[in-house]
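Visitor: Provided herewith is a single structure, encoded as structure tokens, for subsequent inquiry.
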Amino acid sequence: MIAADELLEEFVSALHVGMERRVDFLTALRDNPPHDITRLYWLARVTLVIRLEDLPFFDAVFAMHFLGAPPQEVPNEEGEEEAPEPKSSGELAPQELSEGTGKSASVHDLRHKRTFEGDADDLRELRRALREHLPKIRSRRRRPHRRGQIDVRRTLRHATRTGEITMLARRGRPHRTRPLLLLIDVSGSLREHTPDYLRFAWAAQCETFTFGTHLTRVTRQLRQRELATALAEVSAVVEDADGGTRIGPSLHEFVTTPRYADRARGALTIVLSDGLERGDPAQMVAAVHRLARLSHKLLWWSPLALHPEYKPVTRAMAAIVDEVDLAGARELDSLLERVREL
């Protein structure tokens, strides 16, 4: 019987891939040991396959080495494909195309400005929920507190005024709200949900970025006192609204730009997106993996996940489903519900 290491070596050699991709595959195996054949398939696919036309050959080699079955027929279509689901026998079954599988998402870089509108009257409850339910952490700096360590300096300063020590000043580390980071998809597939997502970001008053085909920081614009003014300023700087979808490159830019990536360290990160990536899924998977490591917790809220039978079927979403906490959020009511569950 062939050992597992020898089988993997034969499999990679049969693909005739370069050393860089081999290293990526072995690193992924080391960091994320696959618990079943489907997980192994996706680890290999996102690290060893770059060109879409190589997929039929990859599937044939994988089937020959690990499934003991003839290779599956893989449609050679441009853009995103659906993730195969395991059958009871362990084979990889094709997925039927349906709404929300990513086939309707666009990769085209269309520059387009949009006017966002919204009413702040119904955001009071959301703001209250954010204050109450966002996770808290201990402040690093010690401040005057009823309990905690004795503040010798403040105690002695008070004693010099009174002539004797009449009180013991103390200082402690009070709780503060953990930093919140929002990454909002403004592509065409989320056109009807984008205004509510931006209203949510304005209510949260946190670090916020938008992405469609480009990454745009809109934190300063959303800090305006009036919601209408904030949304008007966002409309002026976001140039890829209602355009194509390039989630991978946008998230890659975020995690590889130090001044951006630093804002994710220790933060509660929420991605508001349907995850319908039409480009190379490997870049999105790598970026999400890095983002999850930087963040305290990575949440992915998708309008598609509100459907009770939803499960990720695009290649990228199927590969990252174990990296994120996936939940459904579409309008302000569902966003409020997600916040209360934090």
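Taken in order, the sequence shown gives residues 1 to 342; the numbers are from UniProt numbering. By construction, the Cβ of each residue, glycine as well, lies at the ideal position given by its N, Cα and C atoms.
With a cut-off of 8 Å, do at least 3 Cβ pairs link the segment 279-289 to the segment 245-258?
Guide: Counting Cβ pairs under 8 Å, three or more are found: they touch.
Visitor: So for S98, helix, strand or coil by DSSP?
Guide: Low per-residue confidence applies at S98: pLDDT is 41, beneath 50, and the placement is therefore not dependable enough to give any value.
Visitor: Please name the residue, chosen from L29, G212 and Q205, that lies closest to L276 on a Cα-to-Cα basis.
Guide: Closest option to L276, Cα to Cα, is G212.
Visitor: So is M19 buried or exposed if we call it buried at 16+ other beta carbons inside 10 Å?
Guide: So M19 ends up on the exposed side.
Visitor: Mind listing, in chain order, the continuous beta strand (DSSP E) runs of no fewer than 3 residues lying wholly within the segment 129-173?
Guide: Fully enclosed beta strand (DSSP E) runs of 3 or longer: 136-138, 143-150 and 170-172.
Visitor: Got a sec, what are the start and stop residues for the alpha helix (DSSP H) L190 sits in?
Guide: Where L190 is concerned, there is no enclosing alpha helix (DSSP H), given that its DSSP letter is neither H nor E.
Visitor: Quick one, which of V186, R278 and E9 has its alpha-carbon nearest M317's?
Guide: The shortest Cα separation from M317 among V186, R278 and E9 belongs to R278.
Visitor: Enumerate in chain order the residues of its own chain whose CB-to-CB distance from W42 is below 6 Å, with the five nearest sequence positions on each side excluded.
Guide: Excluding positions up to five away in sequence, the list reads A319.
Visitor: Can you check which of these residues, L304, A44, Y310 and L342, is closest to E331 by C-alpha distance?
Guide: Per the Cα distances, L304.
Visitor: Cβ of L168 within 8 Å of Cβ of I150?
Guide: Yes. Within cutoff.
Visitor: Evaluate G188 with the Cβ neighbour count: other Cβ atoms within 10 Å of its Cβ, from every protein chain shown; 16 or more gives buried, anything less gives exposed.
Guide: It is buried - the Cβ of G188 has at least 16 other Cβ atoms within 10 Å.
Visitor: Would you mind working out which of A14, S302, E6 and F25 sits nearest H193, comparing C-alpha positions?
Guide: Answer by Cα proximity: S302.
Visitor: Over what stretch of residues does the alpha helix (DSSP H) that includes V61 continue unbroken?
Guide: Segment L55 to F62, the alpha helix (DSSP H) holding V61.
Visitor: Contact defined as beta carbons within less than 8 Å: I believe L298 pairs with T257. What is the distance between those atoms, to the nearest angstrom?
Guide: At roughly 18 Å, the Cβ-Cβ gap does not stay under 8 Å, so L298 and T257 are not in contact.
Visitor: Use the C-beta contact count for A329: other C-beta atoms within 10 angstroms, 16 or more gives buried, fewer gives exposed.
Guide: Buried, by the Cβ-count rule.
Visitor: Would you please state the rounded distance, in angstroms, between the beta carbons of residue 348 and L222? I believe it to be under 8 Å.
Guide: Not covered by the structure: residue 348. The range shown for the chain is 1 to 342.
Visitor: Give the straight-line distance between the Cα atoms of L326 and R315, rounded to the nearest whole angstrom.
Guide: Near 15 Å, if we compare the C-alpha coordinates of R315 and L326.
Visitor: On the DSSP letters alone, give me the boundaries of the beta strand (DSSP E) that F211 sits inside.
Guide: Where F211 is concerned, the enclosing beta strand (DSSP E) stretches over E207 to F211.
Visitor: Using the DSSP secondary-structure output, state which residues sit across from K297 in a beta bridge.
Guide: According to DSSP, K297 bridges with L268.
Visitor: Just tell me which of N32, R178 and L130 has its CA closest to the CA of K136.
Guide: Per the Cα distances, R178.
Visitor: I need the boundaries of the beta strand (DSSP E) containing R340, first residue and last residue.
Guide: Taken as a continuous stretch (DSSP letters only), R340 belongs to no beta strand (DSSP E), being part of the alpha helix (DSSP H) at L332 to R340.
Visitor: Let me check understanding here. Comparing Cα to Cα, which of D322, R170 and E337 lies closest to L35?
Guide: Just to set this straight, residue 35 is His in the shown sequence, not Leu. Here the closest residue by C-alpha is D322.
Visitor: Leaving out five residues before and five after W202 in sequence, what residues of the same chain have Cβ atoms less than 7 Å from its Cβ?
Guide: Only L222, L227 and A230 meet the Cβ criterion.
Visitor: CB-CB under 8 Å to V324, same chain, minus the five flanking residues each way: which ones, in chain order?
Guide: Closer than 8 Å at the Cβ level, and outside the excluded window around V324, lie V271, V288, A292, L298, L299 and W300.
Visitor: Take the Cβ of E6 as the centre, count every other Cβ of all protein chains shown within 10 Å, and call the residue buried at 16 or more, exposed below.
Guide: Counting Cβ neighbours within 10 Å, E6 comes out exposed, since fewer than 16 surround it.
Visitor: When DSSP labels each residue in this structure, what does H35 get in the three-state scheme?
Guide: It is coil, neither helix nor strand.
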